[in-house]
Amino acid sequence: MSALGGVQEVAAVGEQGADNVLRVLSEIEALPADATGALAFGPETSMSGVVLLERGRVCWAAAQGLRRRLTDLLRERCQPQLTNDEVEAVVQRCKQTGTPVGESLVADGRLTADALRATLLRHTVESLAAGVSWRAAPRWLPHRARGYQSAFTFQPAELLAFAHTIAVDRGELEAAERRLASVGQAHNAAAFDMLGVHLLACRLPEEGTAAVTELRAAVAWAARSLAADAERSAVLKFAFDGHGGSWLGWRDGGMTFVAHCRDRDAFSSLMRELQRQGWTSAVHSTVPYVGRAAQPSPSP
Numbered sequence: 001m002s003a004l005g006g007v008q009e010v011a012a013v014g015e016q017g018a019d020n021v022l023r024v025l026s027e028i029e030a031l032p033a034d035a036t037g038a039l040a041f042g043p044e045t046s047m048s049g050v051v052l053l054e055r056g057r058v059c060w061a062a063a064q065g066l067r068r069r070l071t072d073l074l075r076e077r078c079q080p081q082l083t084n085d086e087v088e089a090v091v092q093r094c095k096q097t098g099t100p101v102g103e104s105l106v107a108d109g110r111l112t113a114d115a116l117r118a119t120l121l122r123h124t125v126e127s128l129a130a131g132v133s134w135r136a137a138p139r140w141l142p143h144r145a146r147g148y149q150s151a152f153t154f155q156p157a158e159l160l161a162f163a164h165t166i167a168v169d170r171g172e173l174e175a176a177e178r179r180l181a182s183v184g185q186a187h188n189a190a191a192f193d194m195l196g197v198h199l200l201a202c203r204l205p206e207e208g209t210a211a212v213t214e215l216r217a218a219v220a221w222a223a224r225s226l227a228a229d230a231e232r233s234a235v236l237k238f239a240f241d242g243h244g245g246s247w248l249g250w251r252d253g254g255m256t257f258v259a260h261c262r263d264r265d266a267f268s269s270l271m272r273e274l275q276r277q278g279w280t281s282a283v284h285s286t287v288p289y290v291g292r293a294a295q296p297s298p299s300p
């Protein structure tokens with residue numbers, strides 16, 4: 001399953017790890033939407049990590065310095081558990097057929113589809129989190145699609161949403177999510193620590209482009225816009241995104257919040273929600289929002 005010899009599992013994802021997930025997923029979103037290949041970190045002679053993509057979706061990731069390989073985790077989820085010899089036989093068969101090991105186990109009735117997806121999701125996030133040393137620019141290695149089933153692959157936004165649930169202290173997570181619930185049906189929203197450094201909770205679209213990248217740009221804008229505010233903002237700040245929508249930022253309970261509004265109606269709806277919590281106005285921020293380039297206006 002992996003291009004690394006010692007791919008293993010970590011026990012937990014800390015704040016630094018979750019921040020690394022955010023950074024790496026932003027790099028993945030910068031690739032073409034149909035990118036198929038591997039994003040490799042470290043020198044060719046000793047890769048420290050790799051992320052496999054197919055048609056822009058993440059299939060799995062692997063990192064050095066973890067405890068158990070993905071194949072070990074899959075073996076333990078099988079009912080009944082497979083022996084090491086049985087696992088090796090499956091691996092060899094998959095090498096010959098080009099079938100992913102996990103999908104082969106599901107086809108054989110040894111592993112449920114839900115168990116495979118849950119294992120891939122957690123292992124991928126923990127591998128991304130373990131790559132805190134992946135600071136140098138990665139190498140992109142294109143290759144032909146292997147035919148991973150989309151049900152067992154992930155959008156970057158889904159990986160980020162899962163990462164914060166296993167990275168943040170439970171009490172802090174619940175407090176952030178309670179406040180985040182005030183954004184209603186906002187398309188893209190998140191809670192960060194006051195300085196906008198650590199992600200605490202998020203609500204991201206399962207589909208769509210650049211959700212993670214836009215979120216990073218939005219919290220950078222909000223942190224600058226709200227720099228003079230402490231525990232709770234005196235007023236809400238907003239900025240246009242250059243695509244017909246806007247970002248709204250505020251502070252509450254020592255946390256920085258951002259929420260995206262697709263259009264004027266969504267903005268008005270969110271403002272009504274926040275007015276019920278005591279905010280009476282929103283002002284246009286003097287700090288510009290710098291996200292993805294605005295699309296050119298259509299010709300008359």
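In our numbering, the protein residues as written are 1 to 300. In this text, a Cβ means the ideal position worked out from N, Cα and C, and glycines have one as well.
Between residue i and residue j, is the Cβ-Cβ spacing less than 8 Å?
i: Leu39; j: Glu29; result: no
i: Arg75; j: Val87; result: yes
i: Ala61; j: Leu128; result: yes
i: Ala282; j: Ala189; result: no
i: Asp241; j: Gly291; result: yes
i: Ala63; j: Ser46; result: no
i: Ala130; j: Gly42; result: no
i: Thr119; j: Phe192; result: no
i: Ser54; j: Thr153; result: Here the sequence assigns Glu to residue 54, which means Ser is not the residue at that position. In contact: Glu54 and Thr153 (Cβ atoms closer than 8 Å).
i: Val21; j: Ala163; result: yes
Which class does residue i belong to by DSSP, given the choice of helix, strand or coil?
i: Met271; result: helix
i: Cys59; result: strand
i: Gly37; result: strand
i: Glu158; result: helix
i: Cys94; result: helix
i: Ala190; result: strand
i: Leu199; result: strand
i: Val287; result: coil
i: Trp134; result: coil
i: Glu44; result: coil
i: Gly147; result: coil
i: Leu204; result: coil
i: Ala139; result: Note that residue 139 corresponds to Arg in the displayed sequence, not to Ala. If DSSP states are grouped into helix, strand and coil, Arg139 belongs with the strands.
i: Gly171; result: helix
i: Gln22; result: According to the sequence as given, residue 22 is Leu; it is not Gln. Of the three classes helix, strand and coil, the one that applies to Leu22 here is helix, per DSSP.
i: Leu53; result: strand
i: Arg216; result: helix
i: Ile166; result: coil
i: Ala30; result: coil
Express the C-alpha separation of residue j and residue i in angstroms, rounding to a whole number.
i: Met271; j: Asp265; result: 10 Å
i: Gly102; j: Val51; result: 17 Å
i: Val212; j: Thr36; result: 19 Å
i: Thr99; j: Arg146; result: 8 Å
i: Thr286; j: Ile166; result: 36 Å
i: Leu111; j: Met194; result: 43 Å
i: Thr280; j: Val235; result: 7 Å
i: Gly249; j: Ala107; result: 47 Å
i: Ala176; j: Arg57; result: 28 Å
i: Arg262; j: Arg203; result: 15 Å
i: Gly171; j: Asp252; result: 16 Å
i: Glu273; j: Trp247; result: 15 Å
i: Ala161; j: Val125; result: 10 Å
i: Lys237; j: Gly254; result: 16 Å
i: Thr71; j: Val219; result: 37 Å
i: Leu199; j: His123; result: 20 Å
i: Tyr289; j: Ala217; result: 7 Å
i: Pro156; j: Gln92; result: 30 Å
i: Pro205; j: Glu231; result: 28 Å
i: Leu31; j: Glu158; result: 17 Å
i: Ala3; j: Val24; result: The predicted model places Ala3 with a pLDDT of 38, which falls under 50 and marks its position as unreliable, so this point remains unresolved.
i: Gln8; j: Leu73; result: Because the pLDDT at Gln8 is just 36, under 50, the model does not fix this residue reliably, and the point stays unresolved.
i: Asn84; j: Ser104; result: 16 Å
i: Arg117; j: His143; result: 23 Å
i: Gly245; j: Glu214; result: 12 Å
i: Ala33; j: Leu121; result: 20 Å
i: Gln79; j: Gly278; result: 53 Å
i: Ala89; j: Ala115; result: 21 Å
* **Inside the stretch 224–284 only - beta strand (DSSP E) runs reaching at least 3 residues** => 236–240, 246–252, 255–261, 282–284
* To do: Could you tell me whether the stretch 174–192 touches the stretch 125–144, where touching means 3 or more Cβ pairs closer than 8 Å?
  => no
* Of all the alpha helix (DSSP H) runs that stay within the bounds of the stretch 75–130, which reach a length of 4 or more residues? -> 84–97, 101–107, 113–130
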